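Visitor: I have a structure here, written as structure tokens, and I will follow up with some questions on it.
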Amino acid sequence: MKKFWLWFLVLIATAAKAETITLPLFDIYPVEAVELRCVDSKYDIQLPIPSRWKVNRATLKFKYVNSASILKQNSQLVVRLNGSPLAQMKLDPFETEAEAEIELPRLLLQSGYNHMSFQVSQHYATQCESPCAPELWTRLNLDQAQVTFDYELVDVPERVSAVANFLFDPKSPLSKPIHIISESRSEKMLSFGGIVASGVATRFEYKPTQFSTSDDVLLGHDNILVGTKAFVEAFLAKRDIEIDIDSPTIKVLPVPVPYIDDTFSGEERVVYHRDKKHALLVISGIDEKQVQLAVESFDILSIPFPDSQTMKVYEFNLPEIGLYSGKHMLVPDRKYPFKKLNFNTYTYLGFAAGHQNIAFRLPPDFHIKPNQYVVVSLNFAYGAGFRNDSVFNVLLNGKHIAAIHLDNPKGGIVSDYEISLPTYLFQGGTNTLDFAPVLTPQVTETCGFVQSDNLFLTLFDSSTLEFPAMPHRIDMPRLDLMFVNGFPFTRWPDGYDSWIHVTSLDDDTVAAAYNMIGMLSQKNGYPLISGIISPALPDNYHGELMVIGEIEKIPPYLMAGAPLKVDKDRYRVPYPVFSSWDDKTSIAFSTQSSDMSLDKGLLMQFESPSAKGRSVVMITGKSSTAVEHMSRALLKTSVQGAATGDLVMVDFIYDENHAELTGDYWRYATTSVRTGKKYVTGKSGKIDELEATLAANPLYYWGALVAVLFFISLLAYVLLRRYRYKRLKERGDD
Amino acid sequence: MADKERPALSTLDKVLFALLVLAFLYLAWLPVDLTSQFVIGWGLLGFLIIARKLGMEHVPFGRLVLMIVVLFISSRYFIWRTTGTLVYTSLPEFIMLALVFVSEIEVSMVHLVGVFSNIWPMKRYKGPRLPKDINLLPSVDIYIPTYNEDGRLVAATAKACMLMHYPKEKLNIYILDDGATEQKRNNKKTSGPAWYRYKKLKGFCDANGIGYLTREKNERAKAGNINAALPKTSGELILMLDCDHVPTSDFLQNTVGFFIQNPKLFLVQTPHFFINPDPVEKSLGTFHQAPSENEMFYRATLPGVDMWNSSFFCGSAAILRRKCLEEVGGLAGITITEDAEVSVQLHAKGYQSLYLPKPMISGLSPETFGDFIIQRSRWCQGMLQMGLLTNPLTIKGLSLAQKVCYTSYYLYWFFGFARVMFFIGPCLFLLFGWQIYHASTTLVAAYAIPHLIASLIAADILYGKYRWPLFSELYESVQSLFLFKAVVGVINNPRSPKFDVTPKGRRLEHDLLSPLSAPFYVLLMIMLISIPAAVYKYMTYPLLQDVVLLCSCWLGFNIMMSMAAIGSFWERHQFRRYHRAWAKGPVSITWANNHRIDGNLTDLSLQGLGMTMENADGLVEQQEVMVHIIDSYGKNYQIEAKVMRLFQRGEKVVCGLQIFETRENYIDRLAIVFGDSQRLEDAWRRSAKRPGFLKLMYFFIQLGIRGAKESGIGLMLIAKNYCLGFWHWLAKVFRLQKGAS
């Protein structure tokens, strides 16, 4: 009976605990401050609720500012959740700034994405009104909005299908580290851990995913146990879990939580209960080969199947993947219907018809030639009775680049309207093509009835986008590209030709490696199944190399090429002196005996000393803790956005004020510098050594050119003179 | 068969050269970013300009360096053009894009082989001295083939041949008359004029000791005529002269020595010098103001290819060795330019040719634009036939250099096709939106413009003295539409062309608009319509503004060129019976009471002369005088003449004299006007100072405006004539009806 009560208490303490969190809205959904214009305008967002949450209560708090010229009596802001109106706020011209706190009813909130809309109807007159007068505006400061959730976790279903749709949910607003326990720190086991981390991070999509590692279970977190039969069985047996591994296996278990039972003595005092709110994923096999099959299979569990607690794997086949393919990546020289790019036929309606976009990615090392064109072929239909200034705007990455004049007052269906866009307008990585019509009715007299129901434009998903064939060639170093799509480690989307070297095997360094492989996978949208994490460093490695570890443990021959070098307690530090408008920075180098703080991390990129055109990316700090912290910092979009050039220095600043705003005590100050030598990389990372040298050093090119032109002229002259002499002799000339 | 000798290249030479060429191509191919390309393109261009200012082109090594730099710039352009701009968009666009690209390749190939063949031209203006022992001199036959030309023209040439400084026993002159063959004399339609011609020419020959040869049938035109004469004559050397090519008296003195010295020599070619303007020069008024079109060929191209033993027989003003000619069966071949074809055959056999850049014949250019086009179409068709039917590249026995040179001769004639493509290129984009050149303005500025300017610089170094910028373009534009047809015809059926004789010695009685001008008006109209299209496109498609701007500049150039071309269709009549040739040298006139005035010659013809003097000193118009002229050989001629015009121009007095034409003084007149090679050389080498490029542009714009104006008037006159004709026809019909009623 006493035992029962102890169980009960533990369950209360660990499982049924309800939590209240307040988060900035932009942590949940990429919102920004928006201005709603015209008499009727709307802004939609999707509010994500993770599957493992049971929300008890939720509130949304935001501020808005409305125009001082509108009429209170018929101007209002309506907030709807999944179609149901939650609140109606009168827009008061005398109180232009207001704050709304809206309770989001528990019953309306479902797990998944909840459609939330902010709609204004606003007027400055009761009649004879211009529908889009400049005075008609309301600004929603959603970038400062906060959401408070009172929730509790539901039990993890003990089914393998939970891997796909429950455990690693991109809708989760919290980013708790995933804990990986591996059998050992051998190259094989580290790489398996990396593959697992890669698969987990890919499921979290763009949500920053942290990993931790140790040889024990981390309570209150999801854990993944990776190892061979002997290790896994022994590990679990210690925790009162019996398991028999007889083939490559993936199994979902609750997390065993130890507690001390004073009724026993010695080792028997430690007993285990099950934390069903978190999962312990077991990925194992009889030997390493089977473990590899299991971890690779884990990475591809993309749909909720199977529903059994255990999955035994017999075969694993990956689809054929090509160089430079990957999630949302466009293959050049191919025509893509919009439907393939996740754009479904859409009808724009009314004055403020909004915009729709398609997003796609381009390999960051595309050698964008100014004389090549992307062809967008549009099929669309539009209504009749439009005024002559109605247009269909096309925006690329937020910039207006083309417009189609909707000049037929009878409306019509337009097929294959071709827009040629120069490729230089595009950028390596993610691009967004927006389609935003501006529809105006013919009758817009101030006092007349303005019909807006005829204002429609339907863009069909049979429209196409075609990118021309383009070569791969880019000037490096470009750390920013690593944060675009993991370049250059993701040329092959599965991480082939990439090697992550850890300088030591402590938990922090290994966790840093998992964090980085996770980040690269997310950027790439494909798990890095072929990536290798190893404490060893191969001789003359001819691929892309990432080195993670304490600064003093970095191999000297690699450190020699780094922009900031350490050699026997001496630092060689580049100091930018000035920047000129032509993007060149003058660098002064100081060799000094000094030290680096523990709250600082370095990220560097330079050409591999073993292979031309290949890169070394180095993540380092004064200690392994700093290295791990640096890897976490690199998951932050603010740090990623500021990382350019070849040397990125990140200072970790403990700031309580920052915690109040974001819930995180650390904020990061990023300094980026371009200091090192330029180098060139081409397709597959291969580039002719001579080509790379000549392209990177214009003076060498000129030297070679002058020499070739001179010697070719000289030789031609000597030969011609000889020939001419003979000819003159034949002719009898002198 | 002659011994063959090739320029010996050691293995080391070959390896070194191959390595350097590979390095050259590698650097030309190496992709660099746009900024670096700007630096390379414009940097090398800057070097070219500075090097020219320093006169580097006058030193052979410097000239070579400049040409190789130009080749490098152009190589980078073509590699980029091939790899970066040939984009498939749609079938019609791609077809046009490919045609424009092929045209560019053609132009550049011609340019490239031009650079190669003219890299180090031969310069020699005199032949070896002849031995004093006449027994050592070879016998020479002079062939004057004629078809339907005026007998007086033929007679003048034959008479001039009689004046040649060469032992009479070693010289035989023959008129090869195809205008009075048995076939013609026996044909009902032609027998009258043929018999008349036969008697007249034969009578002239008999009276002057000249051989008169005719044949049974008119087969294989001029080549057949010459071949028929070969077995009937026996001279070791044969001087070929067109019947309007009047030779100077020292022709044989200057050329025969080469044959004595070099037994492997089969040909000595000399320039064709024309005393009258061609129709384009006449229409545009550029005769004596700018170098003639043929000067580039005779003063730059032939000296250039002579270095490679590739100068070829141009049909006249050349001496050939009979033995060699007979070895290949005479002027036999499958093209209508047998003269060039026979040169290929003899070069392939290891014989050598030589070009002496000294004018020693005076010829006549075609008088009308139609005749001009007939002549050029024949050359074009013949050379293309040579390329297509015999393909010099595959002929065994030719050296690589000779193959390249002969290839350049026929490749050049595709310019008609290329020029038409360049004419319509911008219109296709501006009117139909067809993009046939995929490049932004920046890229054009980085790649195309340096290539274009470098090519112009190269052309200027190679031919600048003899061909001013834009003149080539004008001549090519004028001929383009007609030669385009000829090119297509030959490509379609290489064996179809027939030999059309160029009419010579005709006289235009009135100014007239050439009927050949019509297609140019259509072309100009299309170009003018493209202007508003360009404005519309510029304003409507902001993304295409740079392309529109580029096309507009291109269009502007084309319009200027076609307007200037249209100006050349306005044909001016010939005032004088004989063309007056430019001349210089001392001249004196004397008249009654020992009056004497010394002056300087300005022009000469069989009918008169012009001179300037310090003052008239009692001389009046209609005064009969005796003209005293000394030629370069020291012979003094006295001819009676009458002062027709006398007026002051600046500080000088200009005097125009009409010679009393008598049968007795004909030989003297001939000797004065045509007999002195120094006089021709003076005229040939006179230097017309070349204006700057901008001035030339201005000159061409003026030409365009004037051309458009004059041909506009011409069009109105034609329209007026049509209207009058229609009016007369109406009146006639009306009268007939009235009469009937």
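Protein chains in written order, with the working numbering: chain Z, 5 to 738; chain S, 215 to 955. No residue lacks a Cβ here, since even glycine has one placed at the ideal position from N, Cα and C. Note that the structure is predicted; figures quoted are calculated from it, not measured.
Going by the beta-carbon positions, is the gap between Z/Q92 and Z/L75 smaller than 9 angstroms?
Guide: Your numbering for residue 92 of chain Z matches position 88 in the first sequence. Your numbering for residue 75 of chain Z matches position 71 in the first sequence. No. Outside cutoff.
Visitor: DSSP has Z/R671 in a bridge; who is on the other side?
Guide: Reading the first sequence from its first residue, position 667 is the one you call residue 671 of chain Z. According to DSSP, which records beta bridges pairwise, Z/R671 is partnered with Z/I657.
Visitor: Ordered along the chain, which non-local residues of its own chain (more than five positions away) have a Cβ less than 6 angstroms from that of Z/L178?
Guide: Locating residue 178 of chain Z in the first sequence gives position 174, where the first residue counts as 1. Within the same chain, Z/L178 has no close Cβ partners at all.
Visitor: Taking DSSP's pairing of strands, which residues face Z/F215 in a bridge?
Guide: The residue labelled residue 215 of chain Z in the question sits at position 211 within the first sequence. Answer by DSSP bridge pairing, in chain order: Z/I182.
Visitor: From Z/I478 to Z/T152, what does the alpha carbon distance come to, in whole angstroms?
Guide: Along the first sequence, read from residue 1 onward, the residue named residue 478 of chain Z stands at position 474. Along the first sequence, read from residue 1 onward, the residue named residue 152 of chain Z stands at position 148. Taking the straight line from one Cα to the other gives about 46 angstroms.
Visitor: Could you list the residues in the segment 222 to 240 of chain S with a C-beta less than 9 angstroms from some C-beta on chain Z, going in chain order?
Guide: Contacts with chain Z (Cβ-Cβ distance below 9 angstroms) from the segment 222 to 240 of chain S involve A222, L223, D227, L230, F231, L234, V235, A237, F238, Y240, listed in chain order.
Visitor: By how many angstroms is the C-alpha of Z/V275 removed from the C-alpha of Z/M5?
Guide: Residue 5 of chain Z sits at position 1 when you count from the first residue of the first sequence. Residue 275 of chain Z sits at position 271 when you count from the first residue of the first sequence. Confidence is the limiting factor: at Z/M5 the pLDDT is only 48, short of 50, which leaves the residue's position unreliable, though a coordinate-based value still follows. Each residue's alpha carbon lies about 16 angstroms from the other.
Visitor: Check the C-beta distance from Z/C42 over to Z/F355 and give it rounded, since I have them as a contact under 8 angstroms.
Guide: On the first sequence, residue 42 of chain Z is found 38 positions in, with the first residue counted as 1. On the first sequence, residue 355 of chain Z is found 351 positions in, with the first residue counted as 1. A Cβ-Cβ distance of about 5 angstroms is found for the pair Z/C42 and Z/F355, placing them in contact under the 8 angstroms criterion.
Visitor: Return the residues of the segment 492 to 525 of chain S that lie within a Cβ-Cβ distance of less than 7 angstroms from chain Z, sorted by chain order.
Guide: Along the segment 492 to 525 of chain S, the positions whose C-beta sits under 7 angstroms from a C-beta of chain Z are M521, N523, read in chain order.
Visitor: Under 9 angstroms, do Z/V677 and Z/G649 count as touching if we go by C-beta distance?
Guide: Against the first sequence, residue 677 of chain Z aligns to sequence position 673. Against the first sequence, residue 649 of chain Z aligns to sequence position 645. Yes, Cβ-Cβ distance for Z/V677 and Z/G649 is below 9 angstroms.
Visitor: Pick out whichever of Z/D250, Z/E324, Z/S456 has its Cα sitting closest to the Cα of Z/Y352.
Guide: Indexing the first sequence from 1 puts residue 352 of chain Z at position 348. Here the closest residue by C-alpha is Z/S456.
Visitor: Does the structure place the segment 460 to 474 of chain Z close enough to the segment 133 to 153 of chain Z that three or more beta carbon pairs sit under 8 angstroms?
Guide: no
Visitor: Counting only Cβ-Cβ distances shorter than 7 angstroms, please list the residues of the segment 640 to 669 of chain S near chain Z, keeping chain order.
Guide: H652, A653, S654, T656, L657
Visitor: What did DSSP end up calling S/A443 once you bin it into helix, strand or coil?
Guide: The sequence position of residue 443 of chain S within the second sequence is 229, counting from 1. S/A443 falls in the helix class under three-state DSSP.
Visitor: Taking C-beta pairs closer than 8 angstroms, name the residues in chain Z that S/L278 reaches, listed in chain order.
Guide: Reading the second sequence from its first residue, position 64 is the one you call residue 278 of chain S. Chain Z residues near S/L278: S717, A720, Y721, L724.
Visitor: Smallest Cα separation from Z/I249: which of Z/S188, Z/I290, Z/L112?
Guide: For the purposes of this step, residue 249 of chain Z is identified with residue 245 of the first sequence, where counting begins at 1. Here the closest residue by C-alpha is Z/I290.
Visitor: On the DSSP bridge list, what partners appear for Z/F593?
Guide: Here residue 593 of chain Z corresponds to residue number 589 of the first sequence, with the count starting at 1. Paired residue(s): Z/P578.
Visitor: Out of curiosity, what's the CA-to-CA distance linking S/M281 and S/L578?
Guide: Locating residue 281 of chain S in the second sequence gives position 67, counting from the first residue. Locating residue 578 of chain S in the second sequence gives position 364, counting from the first residue. So the alpha carbons of these two residues sit roughly 36 angstroms apart.
Visitor: Does the Cβ of S/W243 have 16 or more other Cβ atoms within 10 Å, making it buried, or fewer, making it exposed?
Guide: Start at 1 with the first residue of the second sequence, and residue 243 of chain S comes out as number 29. Exposed is the call here.
Visitor: Take the Cβ of Z/L13 as the centre, count every other Cβ of all protein chains shown within 10 Å, and call the residue buried at 16 or more, exposed below.
Guide: By 1-based counting over the first sequence, the position of residue 13 of chain Z is 9. Low confidence applies here, because Z/L13 scores a pLDDT of 49, under 50, leaving its location unreliable; read the following figure in that light. Z/L13 comes out exposed.
Visitor: Look at S/G781 and S/L917 and say whether their C-beta atoms are less than 9 angstroms apart.
Guide: Numbered from its first residue, the second sequence carries residue 781 of chain S at position 567. Numbered from its first residue, the second sequence carries residue 917 of chain S at position 703. With contacts defined as CB atoms closer than 9 angstroms, S/G781 and S/L917 qualify as a contacting pair.
Visitor: Among residues of its own chain, excluding the 5 on either side of Z/L724, which ones have a beta-carbon nearer than 7 angstroms to its beta-carbon?
Guide: Here residue 724 of chain Z refers to the residue found at position 720 of the first sequence. Answer for Z/L724: no residue qualifies.
Visitor: Rounded to the nearest angstrom, how far is the Cβ of S/G834 from that of S/L860, given a contact under 8 angstroms?
Guide: On the second sequence, position 620 is the one that residue 834 of chain S refers to. On the second sequence, position 646 is the one that residue 860 of chain S refers to. The residue you asked about is not Gly; residue 834 of chain S is Val in the sequence shown. Their Cβ separation, rounded to whole angstroms, is 7 angstroms, which keeps S/V834 and S/L860 in contact under 8 angstroms.
Visitor: Got a sec: is the Cβ-Cβ distance from Z/H371 to anything in chain S below 9 angstroms?
Guide: Along the first sequence, read from residue 1 onward, the residue named residue 371 of chain Z stands at position 367. Chain S, which has a Cβ nearer than 9 angstroms to the Cβ of Z/H371, makes this yes.
Visitor: Taking 8 angstroms as the cut-off, does the segment 465 to 478 of chain S touch the segment 663 to 680 of chain S (at least 3 CB pairs, one atom from each stretch)?
Guide: Short answer: they don't touch.
Visitor: Check this for me: beta carbons of Z/I228 and Z/V200, under 9 angstroms apart or not?
Guide: Mapped onto the first sequence, residue 228 of chain Z falls at position 224. Mapped onto the first sequence, residue 200 of chain Z falls at position 196. For Z/I228 and Z/V200, yes; Cβs fall inside 9 angstroms.
Visitor: Closer than 9 angstroms between beta carbons: that is the criterion. Which residues of the segment 554 to 572 of chain S meet it against chain Z?
Guide: Q566, L568
Visitor: For Z/K46 versus Z/F122, is the C-beta spacing smaller than 9 angstroms?
Guide: By one-based count along the first sequence, residue 46 of chain Z stands at place 42. By one-based count along the first sequence, residue 122 of chain Z stands at place 118. Their beta carbons are under 9 angstroms apart, which means Z/K46 touches Z/F122 by this criterion.
Visitor: Please state if the CB of S/D458 and the CB of S/L351 are separated by a distance shorter than 9 angstroms.
Guide: On the second sequence, residue 351 of chain S is found 137 positions in, with the first residue counted as 1. On the second sequence, residue 458 of chain S is found 244 positions in, with the first residue counted as 1. Cβ atoms of S/L351 and S/D458: not closer than 9 angstroms.
Visitor: Using only the alpha-carbon positions, how far apart do Z/A20 and Z/H277 sit?
Guide: Counting from one through the first sequence, the residue named residue 20 of chain Z turns up at place 16. Counting from one through the first sequence, the residue named residue 277 of chain Z turns up at place 273. Low local confidence applies: a pLDDT of 49 at Z/A20 is under 50, so the model's placement there is unreliable, with the coordinate-based value given in what follows. If you take the alpha carbons of Z/A20 and Z/H277, they lie about 14 angstroms apart.
Visitor: Determine the chain S residues that contact Z/A699 at a beta-carbon separation under 9 angstroms, and present them in chain order.
Guide: Indexing the first sequence from 1 puts residue 699 of chain Z at position 695. Chain S residues near Z/A699: L244, P245, V246, D247, S250.
Visitor: Identify which residue in Z/Q596, Z/P54, Z/L541 has its Cα closest to the Cα of Z/S614.
Guide: Residue numbering aside, residue 614 of chain Z sits at position 610 when the first sequence is read from its first letter. From the listed residues Z/Q596, Z/P54, Z/L541, the smallest Cα separation to Z/S614 is found for Z/L541.
Visitor: Are any of the Cβ atoms in chain Z nearer than 9 angstroms to that of S/W784?
Guide: In the second sequence, the residue the question calls residue 784 of chain S occupies position 570. It does not: the Cβ of S/W784 has no partner Cβ on chain Z nearer than 9 angstroms.
Visitor: Just to confirm the assignment, what range does the beta strand (DSSP E) spanning S/T296 have?
Guide: In the second sequence, the residue the question calls residue 296 of chain S occupies position 82. S/T296 -> not in any beta strand (DSSP E); alpha helix (DSSP H) instead, spanning 274 to 298.
Visitor: Go through its chain and collect everything with a Cβ distance to Z/R675's Cβ below 6 angstroms, but skip five positions before and after it.
Guide: As a working note, residue 675 of chain Z is residue 671 in the first sequence. For the sequence presented, residue 675 of chain Z should be read as Thr rather than Arg. Contacts found: M653.
Visitor: With DSSP as the reference, label Z/L719 as helix, strand or coil.
Guide: In the first sequence, counting from the first residue as 1, residue 719 of chain Z sits at position 715. Reduced to three states, the DSSP call for Z/L719 is helix.
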